[in-house]
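Start counting the sequence shown at 6; every next residue gets the next number (my numbering).
All C-beta atoms in this analysis are idealised placements derived from N, C-alpha and C, irrespective of residue type, glycine included.
In what follows, a structure is listed as structure tokens, so that the remarks can point back to it.
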Amino acid sequence: MTSPKKNILLFNDPVAAVRAIENAWNLRDLDAIVLGNSIDCLWRHKTDFLWGREQVRTYLSRKWRCEHDLRIVFELWAVEHRRVAVRFATEFRDDSGVWFRVHGNESWECDVNGIVHRRLTSENDHPILEHERILRWLTGIRPADHPGLSELGV
6 MTSPKKNILL FNDPVAAVRA IENAWNLRDL DAIVLGNSID CLWRHKTDFL
56 WGREQVRTYL SRKWRCEHDL RIVFELWAVE HRRVAVRFAT EFRDDSGVWF
106 RVHGNESWEC DVNGIVHRRL TSENDHPILE HERILRWLTG IRPADHPGLS
156 ELGV
């Protein structure tokens with residue numbers, strides 16, 4: 006598995022870089038996610054604004070305590086110089102057992118070293134029934150044969 010700690014703009018295949026970041030999220034590898042961002046990074050996630058790795062670490066730790074059985078799929082949308090756009094879908098259940106699907110877009114701006122310096126997320130979430138889930142695999146990374154977002158038609 007390719008580590009998301011590597012410079013995402015130095016990959017020969019940006020799709021592989023996005024997949025490595027997806028893997029870190031599905032593994033809930035907090036260190037890999039945090040270290041993939043600059044020390045002074047800026048994140049905007051809905052109404053939350055985070056500055057620096059430690060705020061990102063705290064935010065994700067808190068968020069993941071409430072999101073169970075989380076699955077996420079990223080898809081590369083565009084790459085331009087030091088900017089990367091991805092779209093994603095996530096499914097998880099909350100503490101009361103209600104399932105949610107989230108659709109969103111992220112824009113990543115990298116510093117000159119290829120580390121994410123700014124991450125801007127826009128997303129919409131809505132409750133779904135368990136049988137409506139489409140991101141189905143065992144805990145961990147998405148299997149190679151599981152369809153991506155385009156193949157799923159989302």
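Buried or exposed (CB count within 10 angstroms, at least 16 for buried), residue 52: exposed
6 Å CB neighbourhood of residue 20 in its chain, flanking five on each side removed: 81
When 154, 100, 74 and 79 are compared against residue 90, the one with the closest alpha-carbon: 79
Selected residue, minimal CA-CA separation from residue 87, among 124, 97 and 106: 124
Proximal residues to residue 120 (C-beta, below 6 Å), its chain only, five neighbours per side dropped: 43
Inside the segment 76 to 119 only - beta strand (DSSP E) runs reaching at least 3 residues: 88 to 98 and 104 to 115
Nearest-angstrom Cα separation, counted from residue 103 out to residue 136: 12 Å
Where residue 133 sits in the DSSP three-state scheme: strand
Under 8 Å between C-beta atoms of residue 85 and residue 109: no
Exposed unless 16 or more other CB atoms sit within 10 angstroms - verdict on residue 147: buried
One or two residues paired with residue 127 in a DSSP bridge: 110
Environment of residue 22 [buried if 16+ CB atoms lie within 10 Å]: buried
Nearest-angstrom beta carbon gap, residue 95 and residue 76 [assumed within contact, 8 Å]: 7 Å
Bridge partner(s) assigned by DSSP for residue 56: 47
C-alpha gap between residue 14 and residue 118, whole angstroms: Because the pLDDT of residue 14 is 47, which lies under 50, any placement of that residue in the model is unreliable, and the question is left without a value.
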